[in-house]
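Residue numbers (our numbering): 140 to 405. Each residue gets a CB set at the ideal place from its N, CA and C atoms; glycine is no exception.
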């Protein structure tokens, strides 16, 4: 697909185009990009807003939930006008109003091992903004098996973490977290409280990773896990490496096809 900037787009994206790392050619790359965001909650809200504003040409958004009043403390994509309506409708309306240049494709479904592959086929990049490890493992496994770069984030209370996964090159979620790990439960924003700005920070970092990846600019968080503690204002970057014995991305993987988990929420 050939994309050429028109005059309105040159004006709209001027502050990005002025960056030597982007320019008009970089902006054209962004407009050609096809990004799938799974989850339009605390992480998906800021991530999708900034990707839309940056001019990512096609945004797929997956969520089966409806907007609730209790979401609005952190899920800034939504508003009281959309309470009891599907989150993907709220998201599509908001993102389309923010940037009419882009195409927003809503999926008001719960992903599972059957439907996720058909959706992934339509996109080049996947962003995991889900809130439980059952869903995260499904997304991780699908991206590894089908070769899609994955941008992962998770939050709880005052903490957040983010990493970028290149299939069979950098550490995947199964390299980092055992399926039985107690960390899995701690990194679900369904069970404990969360300060609203924490998903904002992590979601924006996810968006910046996607933008840099599309542009081929800067350093990415592949082989790194960034951990943020906003209460103590601590930022820690851990080195990560692909586990050669990983059950999905290792040299002799056990998982060669997708399976469902006990609870799929998106």
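Check: Quick check: the Cα distance between residue 337 and residue 271, rounded to an integer number of angstroms?; Outcome: 16 Å
Check: On the premise that residue 309 lies in contact with residue 178, defined as a C-beta separation below 8 Å, what is that separation, rounded to the nearest angstrom?; Outcome: With 8 Å as the limit, residue 178 and residue 309 do not qualify as a contact, their Cβ atoms being about 22 Å apart.
Check: Take the Cβ of residue 213 as the centre, count every other Cβ of all protein chains shown within 10 Å, and call the residue buried at 16 or more, exposed below.; Outcome: buried
Check: Indicate whether residue 149 and residue 185 have their beta-carbon atoms separated by less than 8 Å.; Outcome: no
Check: Distance check for residue 389 and residue 312, CA to CA, integer angstroms please.; Outcome: 12 Å
Check: Going by Cα to Cα distance, which pick from 146, 208, 153, 159 is closest to residue 354?; Outcome: 159
Check: Should the segment 203-211 be regarded as contacting the segment 293-309, the criterion being three or more beta carbon pairs within less than 8 Å?; Outcome: no
Check: Which one of 275, 316, 299 has the shortest CA to CA distance from residue 382?; Outcome: 316
Check: Which of the three DSSP states, helix, strand or coil, is assigned to residue 333?; Outcome: strand
Check: Output needed for residue 301: all residues of its chain with C-beta closer than 7 Å, excluding positions within five of it in sequence on either side, in chain order.; Outcome: 291, 292, 341, 344, 345, 360, 365
Check: Return the CA-CA distance between residue 322 and residue 251, expressed in angstroms with no decimal places.; Outcome: Here the model assigns residue 322 a pLDDT of 48, short of 50, so the residue's position is not dependable and the matter cannot be decided.
Check: Between residue 367 and residue 376, what straight-line distance do the alpha-carbon atoms span, to the nearest angstrom?; Outcome: 9 Å
Check: Leaving aside the five residues before and after residue 285 along the sequence, list all residues of the same chain whose C-beta is less than 6 Å from its C-beta, in chain order.; Outcome: 259
Check: Cβ of residue 246 within 8 Å of Cβ of residue 400?; Outcome: no
Check: Based on the DSSP secondary-structure assignment, which residues constitute the bridge partners of residue 463?; Outcome: Residue 463 lies beyond the range of the chain shown here (140 to 405); nothing can be said about it.
Check: Assuming residue 236 and residue 224 are in contact, meaning their beta carbons sit under 8 Å apart, how far apart are those beta carbons, in whole angstroms?; Outcome: Residue 236 to residue 224, Cβ: 15 Å. No contact.
Check: To the nearest angstrom, how far is the alpha carbon of residue 165 from that of residue 231?; Outcome: 25 Å
Check: Can the beta-carbon of residue 265 be found less than 8 Å from the beta-carbon of residue 175?; Outcome: yes
Check: Between residue 202 and residue 227, is the Cβ-Cβ spacing less than 8 Å?; Outcome: yes
Check: Roughly how many angstroms lie between the CA atoms of residue 328 and residue 370, to the nearest whole one?; Outcome: For residue 328, the predicted model reports a pLDDT of 48, less than 50, meaning its position is unreliable; a value from the coordinates is still stated below. So the two alpha carbons sit approximately 16 Å from each other.
Check: How long is the line joining the alpha carbons of residue 156 and residue 192, rounded to whole angstroms?; Outcome: 13 Å
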